[in-house]
Each structure stands twice: as C-alpha cells, then as structure tokens.
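Asks: In our numbering, the protein residues as written are 87 to 265.
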C-alpha cells in the first residue's frame, strides 16, 4: 500500500495499492475497526458496515438507523452493487478473510481493500499500536500517537503495580465456551 496525500502526484508501482489520504469514505466489517475510528473521532467516514446488528457504538448505530450507514452483508455474501454505488475509498476487512471473488471484484472495480492483521498481535500494546495505522490512513496522526503514548504509559503503570504485589492471584482470560 502507498499512502498518498490527496492532490499529490504519485507514480504507481507495479502491484501497489494506492490509498489517497486522508480517507473520507470507508466500509468496515468488524467492531474493532469502528472502535479505532471512534477513538480518533472519525466515525463520520463510515459509509457502510458488513453486518450492522453487531455494532455497539451508539453514535454509529444512530447513523445506521437514519440510513447514513448502509448494511452490505457479511464478508461471504457482500452486496457488491451497494458497495460500488457508495463509492468507498477503502474497504477494511480482517486479515483472516481469504481473498475471495467478491473482494477481488471490488479491487478490480477500483475500490482498495485493506486486510488488517491487528488480531494476530501477541501483546496488548501490539494491538493498541494499530491506532497509528488508522491515524495515518484517516489523517489524524497526532491524535493516534497521543492515544498510543497515553495507553503505553498507563500499561506500564499498571504492570509496575502488578509486579509490586506480594500476593499475585492467578488470572485466566478468554471467552466463555458453551456457557
């Protein structure tokens, strides 16, 4: 991917996907993407989302109800016509999605698809650092850096508190499985 400021001349290299920044129209397919945009106060750039019943952000839900944000279906049954009509500048999908015919069709129609791999990060801070990628794409680098720096500071403070505990409880993290 090449992040190129709007209006700037750029000679595309073979195999490169150009994203004109800041991106002003995006289609999201996962809640964490909405969360990142919300932290950066950039949810207004969302024009569509995969399955809107999984949106928990109240402001974004209101925009879905008002029709400002369209539903385009799950990643395996995307409404391509709606996507093309909306003219997004970027479609963001989780990196575990295989590059299927639908995503290839979108790319061939000139809509860049960005495969995000934040879910593969092995540490909390690695995952938080993806906010910087969003900052670059959506033109709010300083806000993203500030959020990251604040999170890093808080993470270090909490980790140090944990190291100083004499009685260290065991903690298991995960999601409930079958109840």
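No residue lacks a Cβ here, since even glycine has one placed at the ideal position from N, Cα and C. Quick caveat, the model's predicted, so the values are computed rather than measured.
From the DSSP secondary-structure annotation, give me the bridge partner or partners of residue 197.
Replies: Answer is none; residue 197 lacks a bridge partner.
Asks: Straight-line CA distance for residue 280 to residue 228?
Replies: Here the chain has residues from 87 to 265 only, and residue 280 is not among them.
Asks: Is DSSP giving residue 203 helix, strand or coil here?
Replies: It is coil, neither helix nor strand.
Asks: Can you tell me whether residue 128 is buried or exposed? The criterion is at least 16 other CB atoms within 10 Å of its CB, across all chains shown.
Replies: With 16 or more other Cβ atoms within 10 Å, it is buried.
Asks: Looking only at its own chain, which residues have a Cβ that is under 7 Å from the Cβ of residue 97, when we skip the five neighbours before and after it?
Replies: Same-chain partners within the cutoff: there are none.
Asks: List the DSSP bridge partners of residue 156.
Replies: 134.
Asks: Quick one: what's residue 169 bridged to in DSSP?
Replies: According to DSSP, residue 169 bridges with nothing at all.
Asks: What does the Cβ neighbour count give for residue 91, buried or exposed, with the cut at 16 atoms within 10 Å?
Replies: Exposed, since its Cβ has fewer than 16 Cβ neighbours within 10 Å.
Asks: So residue 251 is in the beta strand (DSSP E); what residue range does that whole segment cover?
Replies: Taken as a continuous stretch (DSSP letters only), residue 251 belongs to no beta strand (DSSP E), as it is neither H nor E.
Asks: Please return the same chain residues whose Cβ sits closer than 6 Å to the Cβ of residue 163, not counting the five positions on each side in sequence.
Replies: For residue 163, where only same-chain residues beyond five positions count, there are no Cβ hits under 6 Å.
Asks: Quick one: measure Cβ to Cβ for residue 174 and residue 134, integer angstroms, because I've assumed they're closer than 8 Å.
Replies: With 8 Å as the limit, residue 174 and residue 134 qualify as a contact, their Cβ atoms being about 7 Å apart.
Asks: May I ask you to verify whether the region 200–219 touches the region 147–167, counting CB pairs closer than 8 Å and requiring at least 3?
Replies: With the cut-off at 8 Å, the region 200–219 and the region 147–167 do not touch.
Asks: Which residue comes first and which comes last in the beta strand (DSSP E) that contains residue 257?
Replies: It is not in any beta strand (DSSP E) - residue 257 carries neither H nor E in the DSSP assignment.
Asks: Report back the beta-carbon spacing between residue 126 and residue 224 to the nearest angstrom; my notes put them in contact at under 8 Å.
Replies: Contact holds; Cβ gap of about 6 Å.
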